[in-house]
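Novice: One structure coming up, written as structure tokens, with questions to follow.
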Amino acid sequence: MHTLKNRKIHFETYGCTFNFADTEKLKEIALRQGCSITKDEDNDFDTVVINTCTVVAQTERAMLKAINAYPDREIYVTGCMPVVQKELLLSVRPDIHIILPEDIYKENDRAGAIADKNTGVLQIGTGCLGRCAYCITRKARGPLKSFDEEKILKEAENLIREGATEIQLTGQDVSAYGFDKKTNLSKLLYSLNELDGDFFVRVGMMNPATVIPILPELVPPFKLEKIYSFVHMPVQSGSNNVLMTMQRGYTSAEYEGIVSKFRREIPDVRISTDFIVGYPTERDDDFEKTLDLLYNTLPTKVNITRFSVRENTPAALYKDMPDWIKKNRSRALTDAANKIYDLQNSKMIGKKMSVAVTEKKKEGTVIARDKSYNNIVIKEDIPLGKTVNVVIKSHNRHYLIAELI
């Protein structure tokens with residue numbers, strides 16, 4: 413860390429929003445130490461800082477490829493890999509410099525960062541309470557350490573002052589917030605909603621196991637004016653046998669119960685979930701139960717990952733299944749999810765709503781979000797952060813297309 417002085421640095425960040433916030437902190441440290449930061453398209457740099465992810469084997473391979481792409485530059489590596497795979501990194505590049513995440517926090521204790529113009533990323537804590545059998549990230553990030561609410565609110569105010577109209581709460585398990593401090597996520601959301609300014613809060617990934625104990629008080633904040641009615645809650649499997657061997661800490665029925673409660677109290681809530689297919693204990697009938705759960709809960713966003721062995725995790729002791737089975741199951745689950753997207757999006761056509769512009773993807777086109785955080789494309793040049801009224805005219809499976817009213 414302290415040798416990162418007076419350099420021209422190119423940054424590359426991979427993985428979750430938490431990593432992107434860490435990169436912004438590291439940039440602040442580097443600037444304080446006399447460094448300059450080059451633009452992505454600029455090749456005039458002597459040092460590369462790579463913030464790594466290693467959640468699956470494919471990502472790990474991508475990280476090693478990224479490191480090897482700069483044989484003639486000085487390399488600094490941070491993120492999850494240096495914590496759990498330091499020897500692997502040194503075997504690839506013995507000359508790399510390691511920056512552990514905890515080293516970043518010692519030098520920069522901010523919890524928030526502007527990630528992209530009007531989007532602020534707000535870290536609410538590190539680590540988790542889980543013991544998922546397949547997960548290497550929990551070894552990298554350690555046990556739950558929630559940040560003080562006062563610190564989080566102060567950082568949120570900073571982000572709003574800096575121009576953030578969307579604040580993304582991030583952590584390894586956002587719904588675990590406060591379990592170590594005699595508070596909880598619900599109380600934090602009420603406090604964030606009271607802050608002055610025109611902004612929305614997007615709640616990050618929540619684990620059903622930590623949602624269950626606080627469910628009655630967790631649902632109401634998602635109705636608040638400044639909190640998106642958007643729930644990202646990975647289920648990973650619809651089979652209780654697989655969930656048990658994954659050590660997830662809940663049943664499929666409990667997951668469906670959470671979704672049902674959110675939908676009863678907030679009919680327009682948007683549900684996003686994740687699945688792992690091809691887990692070593694997943695039989696054919698287990699996968700059928702996953703399909704059943706998908707159709708029972710009708711999520712409007714689904715992330716699908718094929719299981720890959722991570723070293724030194726309990727799941728590594730199982731015999732892995734052939735890739736062709738994983739591919740077939742991934743394809744079947746994707747096809748089912750696509751049918752749900754088409755069905756749900758068709759129901760949105762003709763609806764009129766107020767949306768906030770959050771991104772500009774290309775000239776003359778913007779992306780906006782409604783209260784349920786639906787992805788809405790408007791073919792107009794509208795300033796970021798502006799709220800407009802639209803009518804949904806069509807969809808393209810993964811996003812809605814709207815026109816101004």
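Quick note on this note's numbering: the sequence shown kicks off at 413 and runs consecutively. Here a beta-carbon is modelled for each residue, glycine too, at the ideal position from N, C-alpha and C.
Using 8 Å as the cut-off, can you tell me whether the region 472-482 makes contact with the region 430-449, which would need three or more C-beta pairs spanning the two stretches below that distance?
Specialist: No contact exists between the region 472-482 and the region 430-449.
Novice: Helix, strand or coil: how does DSSP classify Val495 here?
Specialist: Along the sequence shown, one-based indexing puts residue 495 at 83. In this structure, Val495 counts as helix in the three-state DSSP scheme.
Novice: Would a C-beta distance cut-off of 8 Å place Leu812 and Glu792 closer than the cut-off?
Specialist: Against the sequence shown, residue 812 aligns to sequence position 400. Against the sequence shown, residue 792 aligns to sequence position 380. No. Outside cutoff.
Novice: So, with DSSP's three-state summary, where would you put Tyr488?
Specialist: The residue given as residue 488 occupies position 76 in the sequence shown. If DSSP states are grouped into helix, strand and coil, Tyr488 belongs with the strands.
Novice: Which ranges would you report for the beta strand (DSSP E) in the region 774-816 if only whole runs of at least 3 residues count?
Specialist: Entirely contained in the region 774-816, the beta strand (DSSP E) runs reaching 3 residues are, in chain order, 777-781, 787-790, 799-807 and 812-816.
Novice: So what's Arg419 in DSSP terms, helix, strand or just coil?
Specialist: For this step, residue 419 is matched to residue 7 along the sequence shown. Here Arg419 sits in coil by DSSP.
Novice: Considering only DSSP beta bridges, list what Glu578 is partnered with.
Specialist: Taking the first residue of the sequence shown as 1, we reach residue 578 at position 166. Paired residue(s): Thr531 and Phe612.
Novice: Locate the alpha helix (DSSP H) running through Asn596, then write down its first and last residues.
Specialist: In the sequence shown, residue 596 corresponds to position 184, counting from 1. Segment: none, Asn596 is in no alpha helix (DSSP H) and carries neither H nor E.
Novice: Ser598 and Leu630 look like a contact to me (Cβ under 8 Å); what is the Cβ gap, rounded to whole Å?
Specialist: By one-based count along the sequence shown, residue 598 stands at place 186. By one-based count along the sequence shown, residue 630 stands at place 218. So it is a contact: roughly 5 Å between Cβ atoms.
Novice: Measure the alpha-carbon distance for Lys375 versus Thr702 and round it to whole angstroms.
Specialist: Here the chain has residues from 413 to 817 only, and residue 375 is not among them.
Novice: Whose C-beta lies closer than 7 Å to the C-beta of Thr746 among residues of the same chain, with five residues either side of it excluded?
Specialist: To locate residue 746, count along the sequence shown from 1; it is residue 334. Counting only Cβ-Cβ distances below 7 Å, and skipping sequence neighbours, we find Ile716.
Novice: Is the Cβ-Cβ distance between Ala523 and Ile536 less than 8 Å?
Specialist: Translated into the one-based positions of the sequence shown, residue 523 becomes position 111. Translated into the one-based positions of the sequence shown, residue 536 becomes position 124. It is a contact, given that the beta carbons lie within the stated cut-off.
Novice: Counting pairs of Cβ atoms below 8 Å between the region 682-699 and the region 645-663, do you hit three or more?
Specialist: With a cut-off of 8 Å, the region 645-663 and the region 682-699 count as touching, because enough Cβ pairs lie within range.
Novice: Going straight from the alpha carbon of Tyr667 to that of Met618, what length do you get?
Specialist: Residue mapping note: residue 667 aligns to position 255 of the sequence shown, counting from 1. Residue mapping note: residue 618 aligns to position 206 of the sequence shown, counting from 1. In a straight line, the C-alpha of Tyr667 is about 12 Å away from that of Met618.
Novice: Can you tell which of Met475, Val495 and Asn418 has its C-alpha closest to the C-alpha of Asp458?
Specialist: Stepping through the sequence shown from its first residue, residue 458 is reached at position 46. For the residues Met475, Val495 and Asn418, the minimum Cα distance to Asp458 belongs to Asn418.
Novice: Within 8 Å, do at least three Cβ pairs link the region 462-470 to the region 421-435?
Specialist: At 8 Å Cβ cutoff, the stretches touch.
Novice: Quick one: using the 10 Å Cβ neighbour count with 16 as the cut-off for buried, is Phe568 buried or exposed?
Specialist: The residue given as residue 568 occupies position 156 in the sequence shown. This sequence places Ala at residue 568; Phe is not what is there. Buried: at least 16 other Cβ atoms inside 10 Å.
Novice: Once the 5 residues before and after Gly776 are set aside, which same chain residues still bring their CB inside 8 Å of it?
Specialist: Along the sequence shown, one-based indexing puts residue 776 at 364. The residues are Lys791, Glu792 and Asp793.
Novice: Cutting at 8 Å between CB atoms, please list the residues of its own chain near Arg550, excluding the five before and the five after it.
Specialist: The count along the sequence shown starts at 1 and reaches residue 550 at position 138. Around Arg550: Gly539, Cys540, Gly542, Arg543, Cys544 and Gln584.
Novice: Sorted by chain position, which residues of the same chain lie with C-beta nearer than 6 Å to Ala621's C-beta, five sequence neighbours on each side aside?
Specialist: If you number the sequence shown from 1, residue 621 lands on position 209. Cβ neighbours of Ala621 beyond the five flanking positions: Gly661 and Tyr662.
Novice: Enumerate in chain order the residues of its own chain whose CB-to-CB distance from Pro721 is below 8 Å, with the five nearest sequence positions on each side excluded.
Specialist: Walking along the sequence shown from the start, residue 721 turns up at place 309. It should be pointed out that residue 721 corresponds to Val in this sequence rather than to Pro. Answer for Val721: Ala469, Ala727, Ala728 and Asp732, listed in chain order.
Novice: Quick check: the Cα distance between Gly353 and Tyr517, rounded to an integer number of angstroms?
Specialist: This structure gives no information on residue 353, because the portion of the chain shown stretches from 413 to 817.
Novice: Have a look at Ile639 and Lys774 and give me their C-alpha separation to the nearest angstrom.
Specialist: Position 227 of the sequence shown, counted from the first residue, corresponds to residue 639. Position 362 of the sequence shown, counted from the first residue, corresponds to residue 774. Taking the straight line from one Cα to the other gives about 27 Å.
Novice: Which whole-angstrom value describes the C-beta separation of Asn786 and Arg682, a residue pair presumed to lie in contact below a C-beta threshold of 8 Å?
Specialist: As a working mapping, residue 786 is identified with position 374 in the sequence shown. As a working mapping, residue 682 is identified with position 270 in the sequence shown. About 6 Å separates the two Cβ atoms, so the contact holds.
Novice: Tell me, to the nearest whole angstrom, how far the beta carbon of Ile399 is from that of Phe611; I am working on the premise that it is less than 8 Å.
Specialist: This structure leaves residue 399 out entirely; the chain is present only between 413 and 817.
Novice: Between which two residues does the alpha helix (DSSP H) containing Lys518 stretch?
Specialist: Position 106 of the sequence shown, counting from 1, holds the residue named residue 518. From DSSP, the alpha helix (DSSP H) with Lys518 extends over Pro513 to Glu519.
Novice: Closest to Leu636 by C-alpha separation, out of Arg614, Met658, Val643 and Asn605, would be which residue?
Specialist: Sequence index remark: in the sequence shown, residue 636 carries index 224 (1-based). Closest by alpha carbon: Asn605.
Novice: Would you mind sorting Lys759 into buried or exposed? The rule is 16 or more other CB atoms within 10 Å of its CB.
Specialist: The count along the sequence shown starts at 1 and reaches residue 759 at position 347. Result: exposed.
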